[in-house]
Structure formats: C-alpha cells, structure tokens
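There are 2 protein chains.
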Amino acid sequence: MAVGKSVTRKDAAAKVTGRARYTDDLPMPGMRWACYVRSPIAHGRVVRIDTTAARRLAGVEAVFTFEDVPDRPFATAGHPYALNPDHADVADRRLLTGHVRYQGDEVAVVVARDRLTAEAAAARVAVDYEELPVVVTAEAALAEGAPALHPGGNRVNTLRFEAGGKVDEVLERADAVVESRYRTPIVQHCHLENHIAYAYMDDMAHIVVVTSTQIPHIVRRIVAEALELPLSRVKVIKPYIGGGFGNKQDVILEPMVAFLTLQLGGVPVKIDLSREECFTSTRTRHATVMRGRAAAGRDGSLAALDVEIFSNTGAYASHGHAIMGASCTKSCNLYPRTAVRFAATTHYANVPAAGAMRAYGSPQVIFGIECLVEEAARAVGMDPVAFRIRNVARRGDVNPLDGHELLTCGLVECLEEGRRRIDWDARRRACRNQDGDVRRGLGVACFSYGTGTYPSCVEIAGARLILNQDGTVHLQVGATEIGQGADTAFSQMVSETLGLDCDDVHVVSSQDTDVSPFDTGAYASRQTYMVAPAVRQAAEALKGKILAHAALMTGQAAANLDLRGGRIVFAGTPEEALLSLSDLALDAYYHKQRGAQLTAEASCKTMTNPASFGCTFVDLEVDIPLCRVTIREIFNVHDSGVIINPLMAEGQVHGGLAMAIGWALYEEMLIDEQNGRIYNGNLLDYKMPTFMDIPDLGCAFVQTREPTGGYGNKSLGEPPIITPAPAIRNAVWDATGVKVDEIPMTPKVLYRYFSGAGLL
Amino acid sequence: MAVGKSVTRKDAAAKVTGRARYTDDLPMPGMRWACYVRSPIAHGRVVRIDTTAARRLAGVEAVFTFEDVPDRPFATAGHPYALNPDHADVADRRLLTGHVRYQGDEVAVVVARDRLTAEAAAARVAVDYEELPVVVTAEAALAEGAPALHPGGNRVNTLRFEAGGKVDEVLERADAVVESRYRTPIVQHCHLENHIAYAYMDDMAHIVVVTSTQIPHIVRRIVAEALELPLSRVKVIKPYIGGGFGNKQDVILEPMVAFLTLQLGGVPVKIDLSREECFTSTRTRHATVMRGRAAAGRDGSLAALDVEIFSNTGAYASHGHAIMGASCTKSCNLYPRTAVRFAATTHYANVPAAGAMRAYGSPQVIFGIECLVEEAARAVGMDPVAFRIRNVARRGDVNPLDGHELLTCGLVECLEEGRRRIDWDARRRACRNQDGDVRRGLGVACFSYGTGTYPSCVEIAGARLILNQDGTVHLQVGATEIGQGADTAFSQMVSETLGLDCDDVHVVSSQDTDVSPFDTGAYASRQTYMVAPAVRQAAEALKGKILAHAALMTGQAAANLDLRGGRIVFAGTPEEALLSLSDLALDAYYHKQRGAQLTAEASCKTMTNPASFGCTFVDLEVDIPLCRVTIREIFNVHDSGVIINPLMAEGQVHGGLAMAIGWALYEEMLIDEQNGRIYNGNLLDYKMPTFMDIPDLGCAFVQTREPTGGYGNKSLGEPPIITPAPAIRNAVWDATGVKVDEIPMTPKVLYRYFSGAGLL
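Sequence lines, in order, name chains D and V. Position in the first sequence (first residue = 1) + 249 = the working numbering. Position in the second sequence (first residue = 1) + 249 = the working numbering.
Here's what the structure looks like:
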C-alpha cells in the first residue's frame, strides 16, 4: 500500500503551523531555572569558590558547587548498556567539576525563580582558578610531558587493524604509492532547538525528566546511573524535538535537572541552554588529522589503503573512541578487495567535548580515503569515476574485516547514474587546460556506511499497535521522531502490512519511557531498519487477531479471510467486503460475550548491519583571485535499499548535502592553540551557510532490496553528509590543479594553498 | 505475597505532601478560560440573546451561543457503547441550549484570556427568556398536562418486573402486610476537586482533552460523538483526580472544551467550574419517592416485597433510567426467597440533572426495602436481626430474577458478627421502655450489591506489564485511580502473581487513551474485580516469558524454574537463587543475540457479576426536645470476598459510612417547588457533615472467596454507603417509637414527626 510512496509527513502541518509543542512549550507551575557557572579558562583547578553573593540575591533558591555533587563519575554517550564492562563508555564526567578542562566547563549551578535571576546569580559566584597548561591539538595533547586532562593521560584509546592483505607488502610492490596528510575542523551541529530539559517529581520516588533528546530510554539509564538510583525511578519524556544530528545522542543536561529536583523536594527545575552555551558546552564533531597512503596498480586496482588518524575528543570522552571504531570499520565495506590498515587514536584536549554528529566519524575518515583514492587514480592515470567503478564494492563482496557478505550493493550503479547525470565525460573534457581566473572542475567521492551499530552494541526495537474503535490503529514505538520523518516511515510500514490507509495509522510521537516500547533511539541511521521487524511483527500479529475475530463474527475460517483497504474480505475475492474494520473493532470492544481490545506488541533484536552506499558528484567554479568556490551542480546518488518515502528521502539528502557544504567550505570552531579560548562560539561569528550559500541540490536513488530489512530498506539518515566534502575538494583540484588537504576550504585556506602553488 | 496485606497506598505520600499534580496543576502557555452563561430561571426559552457587550470586553476571544453549536444531541452518561442501539443512553443534550430546563442551564459560553475576563464577559451576555411552567416533583412532572421538558414527555422510562412468586397472591394470603411511603432527597457528591477539563491540539487532527474523570476511555467516545469526529482523533488524559463518587462518570465539560479548541485553532481552553457551578450544574443523586408493601408470615418469613418507586432525574436524563434498572435488579439478591415486584419510573423535572452517585440508586431502593423489612419484622413480632437472618441470602441461593446462583454469600455471618459486636440483645433490652428526653435505640439494615454492570453492559479491562532493567515492573491499566486506592490494589495483585515486592511494582497512575489498555473506568465497584483477570493473565504471561528467558540463560528447563522474591529459583528448592530478576532483565534487554524487552498485555471480558453483601449496625441517642440524633456507635460488616488490602478497605468503609450519615441526617439540596430555584447550592448553606459531626466509625469483614474473582474479591467501593441511613432510621424508631419515613432526618423533619406522634 504505502511503502515507496511520498505520503505527506505526519507532523508537517503541526510543525509549520506552530501547533507542535516542544520542550520549552511545556511549562509547569513553579518552574525553577538553573544556570551553570562556567569556567572562563580552558584548563585549571578551582582553588576558591565563593557563592555568598549569589545566594544573597533575592529569588535564588540554591547554589551547588562541584563540592556538593555526587562523586560518582558517569559516561554521557548515548549507547545502550554493555553487558561486558570492558565495552562500557568512558565514565569521566561528574555533574560539576573542580578541574576545568575547557572554556565553559561547569563548576557550579544556581537555581532561581526565574532565568534572569539565575543568570545574574551565576555571574556572582566568585571562582579563583589555578591555571594549568593548555593542549589543543593532537600533537600537543599526545606529546611527552603534556598536562594530563584525566588520570589515565590524554590518549583515550588506539584502534589498530589490518584486513584484506598485508599492507606493507602491497605498498612495497605497488606500481604507485601516494601519501598525504589531511585535516578536518571542529564544527557544531547547530540544530534549530538548543538543548533543554527539565525534571520534576509527582511523588516521592519517581523523577520525571522532560527533554529534547534522541534517546529517551538511554537518558533514563544514564540519569539513574549518575544519581545512583534504580532505573525504574526515572521516567523520561521526549516531546517533539527540533533536531539533534547526534548532539542529542548525549546525556548532557538530564542528570543535572534530575539531581536538582531531587535535592529541591520535587519542584520542577529547567535548564535551557543559550545558543552560545549549546555551541561550546554540548558536543561538537571531532577534529581529525590523518596521514594516509594508498597503493594503486597500473591495471586500475586500488591495492592498499593505509590510514593513521588522530581524533580530538576534547575535554571529555563522550562517545570517545567509539566514533573512530565505528567509522574506520564501516569504511571497510567501500573497497572490500583492497588491503587496508587503520591506526586510529582518540585523545583528550582542552577544547569542547566532541561527540556524535551525523555520520559519526565517517565524514572525516572517508574524506581522507576519498582524497587518497583520487590521488591514487591520478597516479595511475585513470579517470576518477572509472577507477572507483573498478574498485568499489559489488554485491557478493565480502567485508575483509568481519567476513560478512554484501547481500545488496548498488554502488557501481550509483557511480554510473551519477556519471550519466552530470555528463561527466563531456564536462571533464571541457574543463581541460583552463587558465582563466575562474576555473571549472568536476569531482566525485564514494562512501559506504552501516545501518545501526551491531555487533558493537545490542540492536533492539519495539512496537505496539492498538486497534481503535473506528477501525484505525495507534502505533507506539520507542524509536524517536527527531525531525527526520521516522514516524511517517513507520506509519507507512504499518499501512503496508495491515492494508490500511496511512491516514488511519496514528503515531504516538512522544516517548514516555514508562510505557513506550524499548528502543535505544535515533542514531546510526538505524531506526527505519531496526524498527521495521518490530512494526512488521506487531502488525502481522494484530492482523492475525483481527482475522480471528472476523472469523468469530462471520463464521468463516480465518485462513480464508484477509484485510484490505480497511475491510475484511475473502482472500480469494478481495473486491467484496464482508465487514468493515470499524464494525469489527466495535464488536471486539463492545460485544458482551466475545472479543477484547485487539493490540499487539513486538520487541525485536537485529543481528545484521547491512552497508548502504552512495556517492557525490559536483560541478563547481573556483574564482582564484577571490579564493571563492561556487558550486554549479551537486547531487548524491544513494543505494539505501528500498526507499520508503521518496520525498522524505530527498529531504534527507538535501539536508545532508547542505550540512556537508558547510563543513567543506565554511564552518570551523576557531580555538586558540595557546590558551584554548574559543573565538567564534556563536552563530554570528561562526559561519554556517544560509539559504544564499547553498546551490540547488540534487539526488537520485539506486534502489536495491535489502533482504535483511523488514521492508527492503537500509540506512539513509546520515550518509548524505559523508561525501560532498571530498567531492568538492577533488573538484577544486580538478579545476585548479591544487590539492587542498584541509577543510573548511575558506578563502583564507585557499589563499594559502593557491599562493603556495603560485596561482596568486 | 501481597494480597490481603495492608501495604501502604502507592499515592499516599505524594498526595499528603502536595507533590501529586491534578488537572489544575498542569498549565499550558496561552491557556484560555471558558465560562458558561447560565440560566437564572428553571424553565424557559431564550427569545433574545445579545453577546455584543461581552465581545467588546478586552481579552474576550469568542462567544458561542446555543445557536452556534452542533445540533447533534448526545448522551453524557458514562456507559460503554452499546452495540444494540435500543440500549443506548438517552441523547438529550446539546453543547448549549435555548430551551433551559433548570436553574443553571447553559445557553452560551465565553472564551477569554483569563478567568476574570471570562466571568465578566459571561455576565454581560444579555438574555431574554420566555418563562415556562416549572415542575419539580414526581407528582408534578408526571401529572397530566405537565409542561414537557423534552419531546417525548417527562417520563423517561418505567421498569416493571416480578420474580420469585406472584406478589399479589402472596400479599393476599400473608399473616401480616405493612405499607409505607418513603422519600429521599437530592444530594450532591461534594468531591474535593471540582469538575475541570481543558483541551488543546498538538497537530491538525487530534484533540487532547485533559480532565478529572473516572472514565477516560468513555470520555473519548462521547467527545467524538458530540463533535462527530472519528474516535481516534480524540485523546483523553486523566491525571490524579480528587474524587468523583460517580459525578465524574458523566461527560460534562469535555465535549465543550474539545469543541472550543477545535473552533479556536487548537489553543488550549479550560473550564474550571466553581464549587457553586459544580453543585448545581454537574450531577446529583436522584431524589426518590417510594410506595412499598411487605408481607410477612408468623413463621418469620418475609413473603413478599412490592415496590413502586419514582426517581427524579432532573433536567436531563444523564444515567437516567439505568440507575433504577441497576438498583432494583441488584436488590433482588438480598432476599432471594421472597417474591418481589418492582415498578420503577424515572422522570424529568426542572431541577439539576441527577446522575451516578456512589451505589447508583441502591441507597434509595434499599432504604425503602430495609424500612419495610423492619416494619414486617415488627408486624410479626420478631427481632429485626433474627428476622433478617431468617430471610437474607445464603450461599447457594438463586437470584429469583436472573436465575444465577450465589457462589459466595456471607451475609448471615455478617449479621451474626454485627450482633455480637454491638452486643445487640443486651443493649436492645436496655433500650426498652424509655421515657426520658434522650432515648437510645439500636438499628440494623442489610444490603446486596453487584460487582460491575454485566449483563447490562460489556465488562472489559486491560493490563500491560513491562519488566524494567532493574528487575521491577511497570503496570499500565485503563482502570482509574480516583482516590479509592485502585492502583495499590492492582500492584498487590501483580506482586502476588509475580512474586515481587509491592514496592517493585510501579503503577502508571495517569491514563492516556491513546496508549492505556482499554477499560471503561471507575464505576459500579467493578475495577478490582474486572481488572483482576487482566492483571493476572498479563502477570502470568510475563512470568512465562521471564522463566523462558531464565531457561535460556541457565540451560535449565523452564518448567523446573519459578520466580520468588525477585529471584529465579528452582521450583522445588526455592531457597537458593539461580539468578536475580534484575540480572535476567539486563540480559533480556542488552544481550546482543538473545532476548527482548519482556512485556505482556491482556484484555479480558468478564461475564459474571457476583453479589456482595453487608449490613450496618448503629447505636444512637435521640434528644427529642432538640430533635437531634447522636450516633454512639456505627459500623458496617461486609462480605466483599477476599479483602485485598484491609487498611484501604477500612478506609472505604469509613468514607461510605460518613457520606451515608450526611445523607441520613444532614444533606439535601433545597429547591423551590414553585419555581425551581435552588436555595442552597453551595457549601455554606448546604449542610455537609464535617469531622465534628461524624462519630468514630467501625467496620468488620466476613471474608468469603469468590471463585469468579481473580483474587477472590468482590465489590467494596460503593456498598458502605447503602445501609447506614435505614439502620439509623430503624434505630430512631427503636429509640422513640416514631417511624420516620424520609431523609435527611434533620431537626426540622424530626420536629414534624415527633410533634405528629405527640412526643413534643
């Protein structure tokens, strides 16, 4: 019925008309405001803290310093609980700290009757610091004798693996070896809705946390851990949320508001971060530096990739090394017939903590790989598209690292579709031998990505369906709508399996961990894939119950009956309705002697993680004297399996492309390497592309049918952001002959490269 | 484990500390207030209505008159939908009316930005009425030529039945026949929390109604019916509620707030009735007049009861004739070996609409019966207790009306326990031949009651259980905690079946009709009985899933395992724990390859309706010159099957006794028979007994084990209110020799009776 159709988003009208209520739209009587006291320096220890003046301010109800909070460290990363303690996230946070590790670190918190008072009081907390040496870069942080941010030193972890061959031997024997160093910046997610959460108690035992989160069930666990409470004493509610991009896959404010309401007798306490706080004191994308080598054969083979990468997780681990673990291993599906070696190190530094951000490290890793591959192709004199078609994954390939076969892979078709669509050969020819100020170039880059986190983490999703009296159904899931359209996709799946109109599937969009089926949340582009089996199983179970009741009502064998278009029909002659679903529902609810409320629930674990694939093609102009890049055409081609909703899928791709253009050309959080000071922690000084900076965006899909997916689908949410940056970099190279190995390619950076190359 | 124990109420601390949030504690930004324009006369037609002045007031956003609302009539009674349209409630209400039928009827509604403005604007709506003749009593309303309140006339319905013999023949042959007329007043429920509801929309399609109701799932249907919307477009949330006693088993404000938000673009609109509005414009207890005859034999047999009763439902039918239907038929279990005949008529009149109130007509009907039985006992010279023991129901008796056998009945034991406890024989002897101003008397009265509404209505309940990661469970039910302790009783049942501590059972106390299991709500003393099979079935299913997962983890056969005290044990040697439930839960949630979230849900219909029984004993003094009754001792003895929670059960009995004393001695809504004016529609002029007026209250239980009950229990919520009034009346007769046949027995009434008897 509905899968594959561009049905209108469930929440579209509610959101554009302003009816949708977000966390800040849900007030409570007696709500208190809490405001952090933040460190003005990037590294130091509090030697004296005086809260007297803050406490004296009328309207201030409490001040807690780092000395007043539980000493228990906890991890904030939004991962499911790991049964194996060795796999647990790094527990390096307390609610507040006396050892400040970045400019903005939290040393105290003030609770007051209103926001202004809380802010004014926070400003009155007098803190003296003993300053400590600051490390900002990988080099500085990992240098011998560097000041340690945490007891174990600044190296969080190093991952090393080699697969598909002996890389050193391949490099030695190769026809061509290329080597380069790449650098990617710290950027911020810049979701529309800042971090906000409040907590209160309706009784003596249970804390209710209302929060803008991607991961309500994980928030529940982490709040309980941070406060040393049984998990069932915490209830998390997720209203509509205004975007997250991974930044709300971290548990940042919730333990604090829960702590405060517990301390203050259950009164509601809210923290509503300003944009500036959200910028510097939530999470960022990890900056990376990478040294890579690639080996190619004259036959066009990509023989080896050798990658050493350093990932800067900032002041706290947050998702820490998981980012490198996930992105390096996921990239092994891209060139599965190539020998690969990775050495990836995650380190602390005195900058804001980095965490999950759309595509979770893959943009950084794939940026390096797709720059290297471009160089390898050139080194053996091959067209970059042809070289990639020669080497990328195909169906039936086996991942060299984990030995899994690719059951679906449409990457070659994606590249061919992109090449046709951009008229690659003709335009490339037209770009040869340019010498004007403004030069044109074409670029391409490929990616592979995963669908979920298995086998690193458990993959579990739940769905519950309720047949209403009017023949419609309500769908309750633990997976979260965070703006990506998940609820609509889920409703299409129910519609497909139950033979109902999509409008007759009502989705409970808010999660309440006390009653929502368990699901770990929105991340890893997992939801549409992981929820599918749960939705399908629940829908099939409900359908079975419906047909059984229809059998009772009609005296027919259930096996002869089917459900189509909201009607009970004979399976063989579906044109004629025996019974409407609403009449059936009324009977099930209200017949005095038979029936019951018909519901079905399923909780499913998934033990597969299919790779999705795709590529970006770009056609751009570089104005060399102005050091300005103008994109003429850019599009992605994706293999995400079956596309559940083409219009929403297109929206995801457009969003990812735009975000990637920001990362490639504009955005960087500027931090002083000497003292860790943040120069542009706000939307005025930080350059995010706006509508004026973004060209028309394109997309296409090569649809495969993933057999392990409930409805044939694979990941789509994050992938669109992965390859625009390397494609743009490769096109700039194509246009100018200058190989820019760092992003963002701002005019300042390009000026340095173009000057160095003698173009200016 | 927990059934039969006086575990502490789940909500006790939350309520006494003020943490529990009720509807009025849940604000919304932009909340609008709505205020009704009410009729100052009891019967008439609006001939002109001018809203100009109201609309001009700053802050007024809308005014709707009876001409602006849907013309569709709907029924407000909180009954489940009836598949048979002949069984539907009387649909005689519109949202507003131009034909006003009682003083307080709603002709218009004003919506404003705040309450004061709404009230001020409502006062500025100018309405001219054409006055119509007023009928207040049964006699006037049913007289020929009486002005008809509704198109079909003032007789709503008449029920006639005869069972257990031919009453006329028995009366003719009887040794003694007694006859009297009885009168009971209009009273108000006076629950702590007034009626309050608000509605809003979070999207374009769905209306959310938050309301203090006993019956959220029924509210959902009736709002949908009133607004002609599909049921699934309405969602009803029930927060903590401050009592209902049946008055919130009616759908009074919810259709209006839903209509207003729909009209006003989804903004939240609240109606919060004042105490005075709640008094006169919600529901009341039906006033009745009854003419009864009883026949007795010299052998002590109660041979026949012949009852004609008129029940005044006021301006609108509301629960209408169902009250008489239920109370007359339920009373047939009391003296099942007696021939009975009932003729019960429900009629309209120009007084506030009567609806459900604790025990749903039984106090009125049983008042008459137990006065008559007292007279019959005296007529054949028998002790009232002995006469009752001779005639009341015993186990194995068959209900003469429906032919059902009484599987449990402890009424004789209740009477014996009461007689012993009050030292009946000795005290009765001491009361003989009194002649002072202050005279003492003893009284007794018996009742039977039902448990639920089957077979009049469908009986259905649902429960869902979720095993939490910490080894506790959450219980979600559709049945409502309205202050009676239902949540605690349910948690005890779960505890009993799952072998968990009661504190480890968390109950979701608020209902949300989108996700709460279906249940028709709190009425008919049905919940503990109806919910039991659903809770038990869900708990057993969850236990099965837990043991199956334990089998996976331990390699043992599930059949050899059991769950005790939160641990998995060998069924045979339960002392040693194989596994804690929390370790099992963690494995089920987080093991990567096995398990799932463990939940279980059950929706159960019940097709039994066991009778519960009991009696009141009272010892009192009458000060004849002061016309004052002072209760020295009063208690009930109940057969409610197994008592789930003795302390809570005692609380129910105390509450019912206190409320009954109010009905017997103090409370009456005074209405002018000429013009329908209400004289005391407020808590200042209406005399509710307070702490000072209520003596120490007693109670005892005779525990039977009802085999059709999930945990052996039968109804208990309403029964305590049924018999104190006739017991008090019989004791006053015993003390003074004066047979008072109307309540409340205020000094004014007693003066009339005592004067008439020559005592004054």
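The C-beta atom is built at its ideal place from N, Cα and C for all residues, glycine as well.
For residue 797 of chain D, there are no C-beta contacts with chain V under 8 Å, since the nearest C-beta of that chain is about 14 Å from it. Going by C-alpha positions, residue 908 of chain V is about 12 Å away from residue 966 of chain V.
Not a single CB atom of chain D sits nearer than 8 Å to the CB of residue 265 of chain V.
Here residue 901 of chain V is buried, its C-beta having at least 16 other C-beta atoms within 10 Å.
Shown here, residue 385 of chain V sits in coil according to DSSP, grouped into three states, outside any helix or strand.
Scanning its chain for C-beta atoms nearer than 6 Å, with the 5 sequence neighbours on each side dropped, one finds around residue 621 of chain D the residues 541, 543, in chain order. The beta carbon of residue 709 of chain D is closer than 6 Å to those of 854 in its chain, skipping five residues each way along the sequence. Residue pairing of residue 450 of chain D in beta bridges, as defined by DSSP: D/456.
Judged by their CB atoms, residue 553 of chain V and residue 546 of chain V are not nearer to each other than the 8 Å cut-off. Judged by DSSP in its simplified three-state form, residue 498 of chain D adopts coil rather than helix or strand.
Residue 450 of chain V has a beta carbon lying within less than 8 Å of a beta carbon in chain D. The C-beta of residue 269 of chain V comes closer than 8 Å to at least one C-beta of chain D. Only 755, 757, 763, 764, 766, 767 from the region 753-787 of chain V bring a Cβ to less than 7 Å from some Cβ of chain D. At least one CB atom of chain D sits nearer than 8 Å to the CB of residue 717 of chain V. The closest CA to that of residue 916 of chain V, considering only V/435, V/321, V/374, V/328, is found on V/435. For residue 983 of chain V, the enclosing alpha helix (DSSP H) covers residues 973-985. In its chain, beyond the 5 residues on either side, 468, 487, 497 have a beta carbon closer than 6 Å to the beta carbon of residue 462 of chain V. Comparing alpha-carbon positions, the option among D/818, D/670, D/795, D/930 lying closest to residue 864 of chain D turns out to be D/670.
DSSP places residue 584 of chain V in the coil class of the three-state scheme, outside both helix and strand. For residue 833 of chain V, the enclosing alpha helix (DSSP H) stretches over residues 830-839. When Cβ pairs closer than 8 Å are counted between the two stretches, the region 347-357 of chain V is seen to touch the region 279-297 of chain V, the count reaching three or more.
For residue 577 of chain V, no beta strand (DSSP E) segment is defined; the enclosing uninterrupted segment is the alpha helix (DSSP H) at 571-579. Within chain V, the residues whose beta carbon sits less than 7 Å from that of residue 850 of chain D are 848, 850, listed in sequence order. In the DSSP annotation of this structure, the continuous segment of the beta strand (DSSP E) that includes residue 561 of chain D starts and ends at 551-563. It is roughly 35 Å from the alpha-carbon of residue 792 of chain D to the alpha-carbon of residue 447 of chain V. For residue 707 of chain D, the neighbours in chain V by C-beta distance under 8 Å run, in chain order, 838, 839, 840, 841. When CB distances to chain V are screened at a threshold of 9 Å, the residues of the region 720-732 of chain D falling below it are 720, 721, 722, 723, 725, 727, in chain order.
Setting aside the 5 residues that flank it on each side, residue 794 of chain V is surrounded in the same chain by 847, each with a C-beta closer than 6 Å to its C-beta; the list follows chain order. In the pairwise beta carbon analysis, the region 684-702 of chain D is classified as not touching the region 742-754 of chain D: fewer than three pairs are separated by under 8 Å. Taking a C-beta distance under 8 Å as the contact criterion, residue 729 of chain D and residue 735 of chain D qualify as a contact pair. Between residue 376 of chain V and residue 298 of chain V, the C-beta gap is smaller than 8 Å, which places the two residues in contact.
Taking the C-beta atoms as reference points, residue 973 of chain V is found nearer than 8 Å to residue 867 of chain V. From the listed residues V/369, V/489, V/439, V/475, the smallest Cα separation to residue 259 of chain V is found for V/489. Taking C-beta atoms as the reference points, residue 495 of chain D and residue 337 of chain D fail to come closer than 8 Å.
Interface annotation, residue 453 of chain D: in contact with chain V, CB-CB separation under 8 Å.
Residue 399 of chain D is bridged by DSSP to nothing; it lacks a bridge partner.
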